[in-house]
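Numbering (this note's numbering), first residue to last: 30 to 444. The structure appears below as structure tokens.
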Ligand code: UTP
């Protein structure tokens, strides 16, 4: 074995990953080199530290308080008008960009292809991307300016996403206003922290969370593109919210008038056990904490009117000020371990397709940038009007529940 491979072996030994060597047997020279290159690109120290820390699941927020918010329904007519006017002004000026994070694996949904390409069963047969493009087209026509649409993909769905847009002629949206860029990946690991393989000769790298968005915007040149276009605010949303009000002028204007680095929409938490992240003030800074990281006593705490004390459910609809994104691109945020169903290949070359969650992804979450903002503006909206996530194949948060919500909105004249 030459020095190069000896180094690889030492590394694997040091981090308890020697099973990887089983995969070397029978590889040709090119495959061996590629695998070695993959191994050397991995930050094993980080991987081990995330794996060990995340298992502890410690709640380390010493002072937790509710965060102030504004209810949309409590705005006066004058306030509404002021925000909407300001929102349209920014849209007309071309100062608003939109980003959809669409790099996820969609393991729960199990749709064959990128999530945004899914037809959720509406009579029109339109995909999520199509619905979003139509909304952008309407807004742009009214604003007299096309809104740049940044689309974050991952290496595993990038080509398929672009092909889908091309096949559908970008849904009538100008191609030059659709800016695709890829996010980073990290190796998937099994429950013992061991690297998994995607083929007989390749380590399985998977998209490492929507929190990769700022650094990937920077590295891909998309951030520079925003600067060139004079964007001062970026509207951020998840690809799987079927009723997303993209760049809603009222929210754009609200964010700009408050002028904190971040604004976010929240909905009222349904009950203490609802599996959503909740927005708090932790150690004086805005923070989202995952439901499984919050002690039960805090989750169930109520105020004297019987209302949940920590009632703000985070729904991934944010506005980021451009200068805030720019100031954050080199800031470190933590990885979280997410237990998922991850298909992989074993050392005999057999494909394993699990029916239950079997492995961990390392994921960064966009909301871990929130504590870098001294303050943020929080607008509480109605769940039925703004949030219909398509996460699962059936049951809650499925195409069926999203479809029903859309039909209801139509009945009430809400779309
Ligand atoms: P989810 O956390 O729901 O993950 O993503 P997911 O990958 O879509 O689905 P599951 O959990 O495997 O079933 C919330 C949003 O963040 C994006 C998703 O595309 C979705 O819009 N995302 C997630 C990324 O852009 N990159 C990632 O690495 C993960």
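Quick reminder that beta carbons are idealized off the backbone N, C-alpha and C, glycines included. Note that the structure is predicted; figures quoted are calculated from it, not measured.
Reference residue 155, options 440, 208, 48 and 435, closest by Cα:
Comparing Cα positions, the closest option is 435.
Regarding residue 267 and ligand 1, is the C-beta to nearest heavy atom distance less than 8 Å?
-> Residue 267 Cβ: within cutoff of ligand 1.
message: Which residue wins for smallest C-alpha separation from residue 225, given the options 397, 371 and 284?
response: 371
* Asked: Is the closest heavy atom of ligand 1 to the C-beta of residue 304 under 8 Å?
  -> no
Is residue 239 near ligand 1 - that is, is its Cβ less than 8 Å away from at least one heavy atom of it? yes
Exercise. Mapping DSSP to helix, strand and coil, what is residue 255?
Worked result: helix
Check your understanding: From residue 433 to residue 425, what distance separates their C-alpha atoms?
Key -> 12 Å
Practice problem: Name the residue from 38, 78, 55 and 79 whose alpha carbon lies nearest to the alpha carbon of residue 67. | Solution: Here the closest residue by C-alpha is 38.
Inset, instruction - Check whether the Cβ atoms of residue 416 and residue 317 sit closer than 9 Å, and answer yes or no. - result: no
Original post:
Considering only the beta carbon of each residue, do residue 194 and residue 158 sit closer than 9 Å?
Top reply: yes
Checklist line | Residue from 94, 412 and 427 whose Cα sits closest to the Cα of residue 438 | finding: 412
Is the beta carbon of residue 323 less than 9 Å from the beta carbon of residue 263?
-> No, the Cβ-Cβ distance between residue 323 and residue 263 is not below 9 Å.
Item to complete: State the beta-bridge partners of residue 126 as determined by DSSP.
Response: 263
Taking DSSP as the reference, what is the three-state secondary structure of residue 351?
Correct three-state label for residue 351: helix.
Exercise for the section: Within the stretch 114–176, note down every full beta strand (DSSP E) run reaching 3 residues or more, in order along the chain. Expected result: 125–130
Residue 79 vs residue 267 beta-carbon contact at 9 Å: Going by C-beta atoms, residue 79 is not nearer than 9 Å to residue 267.
Cβ contact (3+ pairs, closer than 8 Å) linking the stretch 332–339 and the stretch 269–288:
At 8 Å Cβ cutoff, the stretches do not touch.
- prompt: When every heavy atom of ligand 1 is checked, does at least one fall within less than 8 Å of the C-beta of residue 442?
  reply: no
- Near residue 171, what residues of its chain come up, given a Cβ to Cβ distance below 7 Å and the 5 sequence neighbours on each side ignored? none
Q: Check each candidate in 440, 419, 76 and 351 and name the one with the smallest Cα separation from residue 150.
A: 419
With a CB to CB cut of under 7 Å and the five nearest residues on each side skipped, what residues in its chain are close to residue 368?
Closer than 7 Å at the Cβ level, and outside the excluded window around residue 368, lie 386 and 389.
Discussion item. Taking contact to mean 3 or more Cβ pairs, one atom from each stretch, closer than 8 Å, check whether the stretch 337–350 and the stretch 290–300 are in contact.
Written reply: In this structure the stretch 337–350 lies against the stretch 290–300, because at least three pairs of beta carbons, one per stretch, are closer than 8 Å.
Quiz item: Skipping 5 residues on each side, what residues in its chain have a beta carbon closer than 8 Å to that of residue 232?
Solution: 49, 64, 67, 68, 71, 216, 224, 225 and 226
(message) Tell me the DSSP secondary structure of residue 342 in three-state form.
(response) strand
**Request:** Using three-state DSSP, classify residue 237 as helix, strand or coil.
**Result:** coil
- Item | DSSP state of residue 271 mapped onto helix, strand, coil | Three-state DSSP puts residue 271 in coil, outside helix and strand.
In this structure, does DSSP put residue 247 in helix, strand or coil?
helix
Roughly how many whole angstroms lie between the Cα atoms of residue 404 and residue 238?
24 Å
Please report how far the alpha carbon of residue 75 lies from the alpha carbon of residue 44, in whole angstroms.
Each residue's Cα considered, the two are about 11 Å apart.
Are there any heavy atoms of ligand 1 lying less than 8 Å away from the beta-carbon of residue 236, as far as the coordinates show? yes
Is residue 147 a contact residue of ligand 1, with contact defined as CB to any heavy atom under 8 Å?
no
- So is residue 180 buried or exposed if we call it buried at 16+ other beta carbons inside 10 Å? buried
> What residue does the beta strand (DSSP E) around residue 296 start on, and which one ends it?
Replying inline: Per DSSP, residue 296 belongs to the beta strand (DSSP E) from 291–297.
Best match in 250, 366, 428 and 314 for proximity to residue 96 [C-alpha to C-alpha]:
314
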